[in-house]
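Residue 54 in the numbering used here sits at position 54 of the sequence shown, and the numbers go up by one each step.
Here a beta-carbon is modelled for each residue, glycine too, at the ideal position from N, C-alpha and C.
So the structure is just underneath, and the comments pick up after that.
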Amino acid sequence: MYKKDTIYVRFEKNEANRKITNWDYQKKIGVYFSIKDKSSKHLSLFYPYSEKADTLCIKHLKDYHFSDLEEINEKRNRWIFDNKRPPATRNGVFQNYVIEVISDKKFVKYPVFWRNERI
């Protein structure tokens, strides 16, 4: 078994980003996140309600490093090279989380998976 790196993607509500609750994906119900990163590419991530999200104090937000698609792809390629593995999906390489600030005191950490990557 190969160790998975952990990545965090920040969700901020704006015109470019979408969050749709009660989304049905592969017979699972949850939250669909479509996030436009700084390279103008969309990240499509899904949080199934069957997983546990954590609500944390905002003071801990500084402890997280947020990745964009370019950094995620670089880490994925490095993981494939370092582990001498054939190309793997981002779901196979990473533990993925979306972080959403929900108030001036709290944020939520959702365990997610990438859509359309052979889950």
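Using the DSSP secondary-structure output, state which residues sit across from residue i in a beta bridge.
i: residue 100; result: 11 and 108
i: residue 32; result: 20 and 46
i: residue 5; result: 94
Within this structure, are the beta carbons of residue i and residue j separated by less than 7 Å?
i: residue 11; j: residue 25; result: no
i: residue 81; j: residue 4; result: no
i: residue 19; j: residue 58; result: no
i: residue 21; j: residue 108; result: no
i: residue 66; j: residue 8; result: yes
i: residue 115; j: residue 44; result: yes
i: residue 2; j: residue 96; result: no
For residue i, which of helix, strand or coil comes out of DSSP?
i: residue 54; result: strand
i: residue 77; result: helix
i: residue 82; result: helix
i: residue 68; result: coil
i: residue 119; result: With a pLDDT of only 41 at residue 119, under 50, the local geometry of the prediction cannot be trusted, and the value read off the model is given with reservation. Three-state result, residue 119: coil.
From residue i to residue j, what distance separates their C-alpha atoms?
i: residue 17; j: residue 101; result: 14 Å
i: residue 29; j: residue 92; result: 21 Å
i: residue 119; j: residue 113; result: A caution first: residue 119 carries a pLDDT of 41, below 50, which makes its placement in the model too unreliable to give a value.
i: residue 117; j: residue 48; result: 15 Å
i: residue 186; j: residue 32; result: Because the chain is modelled from 1 through 119, residue 186 falls outside the range shown and cannot be assessed.
Quick test of the definition: if touching needs 3 or more C-beta pairs under 8 Å, does the region 35 to 49 touch the region 73 to 90?
no
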